[in-house]
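*Asks:* Attaching a single structure in structure tokens format; questions to follow.
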Ligand code: MN
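In our numbering, the protein residues as written are 2 to 130.
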């Protein structure tokens, strides 16, 4: 299952490029932003099904941006998956508390990421009326 629009919010150029290529190959329509401000501009014009959210961003961090989006009826339907270093203990809990739908540890496992995303998108679809 692919073709859905996905927004990647990631300030690390190499990580961004890696995930973008991976998801583009899978057939997703990929949009990118390198900080919260840019993400909000992209969201004004598009309606992604899912956001891959780096938590450590310059300026407004990913947790704050997630809270902002999940408190806005216009955006709260979007699946948000946090991306953060596995070593950061407690980050998973913080991500879920902020409203993230899930959590993807970094470094990104390129083998499993497409399947993980497909599962979240499928689950959301089955959830919907
Ligand atoms: Mn970062």
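Using N, Cα and C, we set each Cβ at its ideal position, and we do this for glycine too.
None of these values were measured; they are calculated from a predicted model.
1) Let me check you understand the geometry: is the CB of residue 55 closer than 6 Å to at least one non-hydrogen atom of the ligand MN?
2) Just the Cα atoms here: how many angstroms apart are residue 1 and residue 8?
3) Looking at residue 83: is its Cβ nearer than 7 Å to the Cβ of residue 101?
4) How far does the alpha helix (DSSP H) with residue 111 in it reach, from first residue to last?
5) Return the chain-ordered ranges of every alpha helix (DSSP H) run that is complete within the region 29-74 and spans a minimum of 4 residues.
6) Pair every Cβ in the region 12-22 with every Cβ in the region 40-51, then say whether three or more of these pairs are closer than 8 Å.
7) Out of 49, 55 and 64, point me to the one whose CA is closest to residue 75's CA.
*Replies:* Working from what's here:
1) Checking every heavy atom of the ligand MN against the Cβ of residue 55, one is found closer than 6 Å.
2) Since the first residue of the chain shown is 2 and the last is 130, residue 1 is not available in this structure.
3) Yes. Within cutoff.
4) For residue 111, there is no enclosing alpha helix (DSSP H), since its DSSP letter is neither H nor E.
5) Entirely contained in the region 29-74, the alpha helix (DSSP H) runs reaching 4 residues are, in chain order, 37-46 and 63-71.
6) No: fewer than three Cβ pairs fall under 8 Å.
7) Ranked by Cα distance from residue 75, the options 49, 55 and 64 are led by 49.
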